[in-house]
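Numbering (our numbering), first residue to last: 37 to 361.
Where is the CB? At the ideal position from N, CA and C, for every residue including glycine.
Please read all numbers here as calculations on a predicted model, not as lab measurements.
Accompanying notes for the structure given below.
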């Protein structure tokens, strides 16, 4: 069975797949490349994932799954995940952790199939103490800032501005939050940067040497991140600051309570999950709540003038006392 290496932040996984298209689908969902299994990468593998095909007749032991739902079965060693079109078995105690996934034929339309791949992989990662965030993460001024925001919130633009001021971008669009004992780390999945025409025109004197492409309805240019700025994907770092970025009429940074931050974080990260019951949702909420206690949280409003990002740079350059110290 063909195999490649896929990296969910700092988690390196070997992904075996019956159909190469499915491997590319998973990589695209998480904004990370599918790489050849070199000896150096295989030495870092911490999860072994097999993505196979099965007929529905082979799944006679599958539970009944409600429409748009999910079923979890917890065993002494194995955990099972079932959706309408997929089944997965996870052994967290194996070394490396082992997951066997089956796509049930006949397949649904491609978009729906990708939805099932996404929700099952998100659940697998959560069961491995990881949560996927649509966020940027930048190390700047001795601290790591995590920037959450919807599409169009300016995450890539902010990351580029901080990198221009001497920062290192850990991730531009997909960041993995990982529980590590009593603490948390974040790591990025991105080896590329996507810039719209406004950001390109503001930061670069000459047009970038690639043609724009349509990414989810927006024209952007995609470049290797390291061609544009200092980039360290797949590297675990402790987050210090959490910003909820959003477009607005002007620049403003406003402190947020941890209760408000938790609600915002649950709304952002929870929509990537399917919860089977209150216990499942409660575990997820507990993880986010524990994380929010470890960071200082702000609302970040960005106006149309990209020059206002200089104010964010100055804000982060101030040596403020760490409230957790």
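Check whether the Cβ atoms of residue 155 and residue 222 sit closer than 8 Å, and answer yes or no.
-> no
Can you name, in chain order, every residue of its own chain whose Cβ lies under 8 Å from the Cβ of residue 46, other than the five neighbours on each side?
-> 212, 214, 221, 223, 270, 271, 272
Assign residue 309 to one of two classes, buried (16 or more other C-beta atoms within 10 Å of its C-beta) or exposed (fewer than that).
-> buried
Going by the CB atoms, is the gap between residue 128 and residue 164 shorter than 8 Å?
-> yes
Sequence-distant residues of the same chain with beta carbon closer than 8 Å to residue 101, five excluded per side = 107, 118, 119, 120
Grouping DSSP H, G and I as helix and E and B as strand, with all else coil, what is residue 359?
-> Only weak support exists for where residue 359 lies, its pLDDT of 37 falling under 50; the value from the coordinates is given anyway. Three-state result, residue 359: coil.
Since I believe residue 39 is in contact with residue 50 (beta carbons under 8 Å), could you give me their beta-carbon distance rounded to a whole number of angstroms?
-> 6 Å
Candidates 202, 56, 264, of which the one nearest residue 349 by Cα | 202
Where residue 244 and residue 266 are concerned, what is the direct C-alpha to C-alpha distance, given to the nearest angstrom?
-> 17 Å
In this structure, does DSSP put residue 4 in helix, strand or coil?
-> Any property of residue 4 remains undetermined from this structure, which presents the chain solely from 37 to 361.
Helix, strand or coil for residue 191, going by three-state DSSP, please let me know.
-> helix
If you follow the alpha helix (DSSP H) that residue 322 is part of, which residue opens it and which one closes it?
-> 314-328
Any contact of the region 174-194 with the region 137-146, i.e. 3+ C-beta pairs under 8 Å?
-> no
When the Cα atoms are used, what is the spatial distance from residue 76 to residue 69?
-> 16 Å
Between the beta-carbon of residue 264 and the beta-carbon of residue 229, is there less than 8 Å?
-> yes
Check whether the Cβ atoms of residue 58 and residue 37 sit closer than 8 Å, and answer yes or no.
-> no
Exposed or buried, what is residue 112 when buried is set at 16 or more other beta-carbons lying within 10 Å of its beta-carbon?
-> exposed
Between residue 279 and residue 336, is the Cβ-Cβ spacing less than 8 Å?
-> yes
Skipping 5 residues on each side, what residues in its chain have a beta carbon closer than 6 Å to that of residue 87?
-> 53, 58, 137
Where does residue 314 land, buried or exposed, given buried means 16+ other C-beta within 10 angstroms?
-> exposed
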